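Reviewing the structure listed below.
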Amino acid sequence: MTGGENVTKIQSVLVLEDNFLIAMDMEEMLAALGVTHVYTATTAERAMEIATEYPIDFAIVDIRLGDETSFTVAEALVARGIKIGFASGCGEILPLPSHLRDVPRIEKPFTEGSLSSLIAAGLRPRSP
8 MTGGENVTKI QSVLVLEDNF LIAMDMEEML AALGVTHVYT ATTAERAMEI
58 ATEYPIDFAI VDIRLGDETS FTVAEALVAR GIKIGFASGC GEILPLPSHL
108 RDVPRIEKPF TEGSLSSLIA AGLRPRSP
């Protein structure tokens with residue numbers, strides 16, 4: 008099964024990205040991959056509101072949100088049973104907490120193909 012086939016199985020994606028232009032690009036790429044509902048948040052607070060208000064199949068979470076990280080949001084989403092993947096422009100500079108190290112990750116800039124692969128990897132069962 009290809010990543011594109013996995014993406015068509017999900018209908019709603021939450022994008023937490025503090026750069027509005029990057030978020031818009033992601034929204035377009037996800038729509039092209041067949042995702043019917045893309046909910047975009049530029050802050051951690053808004054991401055949690057969206058996760059409470061709407062059914063979310065998958066979340067793409069930018070690791071760095073301004074001067075802080077999104078690890079608290081990632082942990083809360085995982086606790087709600089939402090599969091996640093990280094997007095980052097940080098490279099290896101910012102290490103992930105040990106309990107989030109198996110979350111798939113892509114580096115910016117990314118393509119439609121890398122987003123599809125991120126979602127496919129994120130939908131696989133995680134290690135306990």
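Each number in this note's numbering comes from the position in the sequence shown (counting from 1) with 7 added on. The C-beta atom is built at its ideal place from N, Cα and C for all residues, glycine as well. In this text, all values refer to a predicted model and were calculated from it rather than measured experimentally.
query	result
Does DSSP classify I113 as helix, strand or coil?	strand
Decide yes or no for the touch test of the segment 46-64 against the segment 19-32: beta carbon pairs closer than 8 Å, at least 3 of them.	yes
At what residues does the beta strand (DSSP E) containing G92 begin and finish?	K90 to S95
Along the chain, where does the beta strand (DSSP E) that runs through S19 open and close?	S19 to L23
For F65, write down the residues that DSSP places opposite it in a beta bridge.	V20 and K90
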